[in-house]
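2 protein chains.
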Amino acid sequence: MGAGLGARKPREPLSRERALAAAIALVDAEGLAALTMRRLAAELGVEAMSLYHHLPGKQGLLDGLAEAVIAEIHAAVAAVDSTLEGADWRNRLRQRFLAARAVMLRHPWAPALLGSRPTIPTGLYTYYDGIIATLRDGGFSYRIAHRALHAFGSLALGFAQEVFRPASAGGQTDVEAAEEELAAMAAQLPHLTAMVAAEVHAAEDPTLGWCDSQVEFEFTLDLLFDGLDQARD
Amino acid sequence: MGAGLGARKPREPLSRERALAAAIALVDAEGLAALTMRRLAAELGVEAMSLYHHLPGKQGLLDGLAEAVIAEIHAAVAAVDSTLEGADWRNRLRQRFLAARAVMLRHPWAPALLGSRPTIPTGLYTYYDGIIATLRDGGFSYRIAHRALHAFGSLALGFAQEVFRPASAGGQTDVEAAEEELAAMAAQLPHLTAMVAAEVHAAEDPTLGWCDSQVEFEFTLDLLFDGLDQARD
DNA sequence: TATGGTTGCCTTACGTCGTAAGGCGGTCGG
DNA sequence: CCGACCGCCTTACGACGTAAGGCAACCATA
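Protein chains in written order, with UniProt numbering: chain E, 1 to 233; chain R, 1 to 233.
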């Protein structure tokens, strides 16, 4: 441990940190599917097997990525939460979740990555502890706090975990194909097509597509907050 | 088309249906990761490349699985919904979602599969159309119906899409390791550990583990229903 | 009954992946 | 000066999905 710090050699000695940073850059640029041991090594000017001196295999690399994202959430949340000392639980949670969301928007691959981890990244326990603390301060029992955590689900991490993503998550825009197919079977879907028509006409308020996730995100959040407020007893 | 139906040969001629049925059986038994073209072929007493005469590749196979699950949901939902002709929107949706959930519990791999499809399985449009119809009958505008769909998210398909699954989804029980690790850092997580302690003590009501998903599922559902009821205007 | 097309399955092979095992050259303590 | 060690590379194996083509049994027709 503690190799000589003098960077006298032309090649930076390659470390876990450098590998993870390169991995994040790669995945940000080309998506999760592009993250390959060989590819990552090439990105670092190194052979694939060299990575194994610093990372415990592919799964360990993904775990490292997950922890890195969570650390980023931690930082973002801490920055926001410190400015809300006196606020009520509702606003504190709201700002917290929106801060987490900002991180997720920077790393669109993060939801899929977190969902793919077989074990809970350890940093998350601390994150959830903070949420429970806020709920307790708001007067909730542990029971309701527990259920609230489940109700929030992925919203607490800043993403709606949409089962079918419109155009993101590394995939190309196959919205056209879907829309075309939808038009073909429109006759059988009266309510769906009516809804789409109504929503498109009413789109003079802040919506970005025909499904602006930000608006939906906050709407669901308020729905849950309202419900929890009444469930508090 | 229309090959002779006389099953005179010792080997059933292999078809898309037979392949999909075998795939579902395989995945039910061993999880999504076990579903390999070679493995599926072996299960059918056939070579891998033979599958390509009936299925358009691996992605097509997964699409077929997704459609099969959705068809199963359709059947289950239709059976339940026909017995609720006069009921209000709330109960109709509730029973609908719970019926879908029953299908998901039979196929624990289905959430991950549906989440992995890059395009929306066509059968789902019909499913969502029925939900919108129920909401419209309940007096909701298309706008609120739209937002309700997003708020429900995966609940409409019967699963909570928990970001981190406790022990399911093909993985082994690493609850022990997680719990051990949690105990180690308990000192830093006062609220989390307190909650776990409180919830374990209060577990005389119908809970199956220290996180019975069924209870959480219905709790969240009611939370959303309550919120929507007020958002109806 | 002979025939030619079609259908259904198999064989072989390529390029990708993660990773186990061991080699080789530089740096450093004695 | 010299041996140990550390960091990186080389080689190789067994998965995976799938492209390309071969072969044998079936069918309607003559």
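Note that the Cβ used here is the ideal one computed from N, Cα and C, for glycine as well.
This one's a predicted model, so the numbers in the text were calculated from it and none came from an experiment.
How many Å lie between residue i and residue j at the Cα?
| i | j | result |
| --- | --- | --- |
| G64(E) | F140(R) | 45 Å |
| I131(R) | R101(R) | 15 Å |
| A133(R) | R16(E) | 54 Å |
| T207(E) | K58(R) | For T207(E), the predicted model reports a pLDDT of 46, less than 50, meaning its position is unreliable; a value from the coordinates is still stated below. Straight-line Cα distance between these residues: approximately 37 Å. |
| Q172(E) | Q188(R) | A caution first: Q172(E) carries a pLDDT of 41, below 50, which makes its placement in the model unreliable, though a value can still be read off. Each residue's alpha carbon lies about 43 Å from the other. |
| A231(E) | H191(E) | 33 Å |
| A68(E) | A99(R) | 39 Å |
| M49(E) | M49(R) | 32 Å |
| E85(E) | N91(E) | 11 Å |
| I70(R) | W89(R) | 22 Å |
| A41(R) | H54(E) | 39 Å |
| A34(R) | E30(E) | 27 Å |
| residue 234(R) | I120(E) | Any question about residue 234(R) goes unanswered here, given that chain R covers just 1 to 233. |
| R106(R) | L124(R) | 19 Å |
| A87(E) | D28(R) | 48 Å |
| R143(E) | G115(E) | 25 Å |
| residue 238(R) | A183(R) | Outside the modelled stretch of chain R, which goes from 1 to 233, sits residue 238(R), for which no answer is possible. |
| T122(E) | G45(R) | 44 Å |
| A167(E) | P108(E) | Low confidence applies here, because A167(E) scores a pLDDT of 43, under 50, leaving its location unreliable; read the following figure in that light. Going from the Cα of A167(E) to the Cα of P108(E) covers about 11 Å. |
| G60(R) | L32(E) | 21 Å |
| T193(R) | F152(E) | 19 Å |
| V80(R) | A22(R) | 28 Å |
| L135(R) | R39(E) | 49 Å |
| A82(R) | E72(R) | For the sequence presented, residue 82(R) should be read as Ser rather than Ala. Looking at the two C-alpha atoms, the distance is approximately 16 Å. |
| I24(E) | R18(E) | 10 Å |
| V77(R) | P56(R) | 29 Å |
| A145(E) | Q214(R) | 17 Å |
| D174(E) | M185(R) | Residue placement at D174(E) is flagged as unreliable, the pLDDT there being 48, under the threshold of 50; the coordinate-derived value follows with that caveat. For D174(E) and M185(R), the distance between alpha carbons rounds to 45 Å. |
| D229(E) | D229(R) | 15 Å |
Looking at residue i: is its Cβ nearer than 8 Å to the Cβ of residue j?
| i | j | result |
| --- | --- | --- |
| G158(E) | M104(E) | yes |
| residue 234(E) | A160(R) | Nothing about residue 234(E) can be reported from this structure: the residues present for chain E run from 1 to 233 only. |
| F225(E) | A156(E) | no |
| L14(R) | M37(R) | no |
| L20(R) | A66(R) | no |
| P118(E) | S154(E) | no |
| L26(E) | E43(E) | yes |
| R147(R) | E218(E) | no |
| G227(R) | G227(E) | yes |
| R94(E) | L221(E) | yes |
| H74(R) | Y128(R) | no |
Please indicate yes or no: does the CB of residue i lie closer than 7 Å to some heavy atom of the ligand MG?
| i | result |
| --- | --- |
| G139(R) | This structure does not include the ligand MG; it has no bound ligands of any sort. |
For the UniProt domain "HTH tetR-type" (13 to 73) of chain E, list the beta strand (DSSP E) runs that are entirely contained and at least 3 residues long, ordered along the chain.
-> none
If contact means a Cβ-Cβ distance below 9 Å, which residues of the stretch 104 to 121 of chain R contact chain E?
-> P111, A112, L114, G115, S116, R117, P118, T119, I120 and P121
Which full runs of the alpha helix (DSSP H) of 4+ residues lie inside the stretch 90 to 149 of chain E, going along the chain?
-> 110 to 116 and 123 to 137
Listed in chain order, which residues of the UniProt domain "HTH tetR-type" (13 to 73) of chain R have Cβ atoms closer than 7 Å to some Cβ of chain E?
-> none
Members of the stretch 74 to 92 of chain E that neighbour chain R once the beta carbon cut-off is set at 7 Å | none
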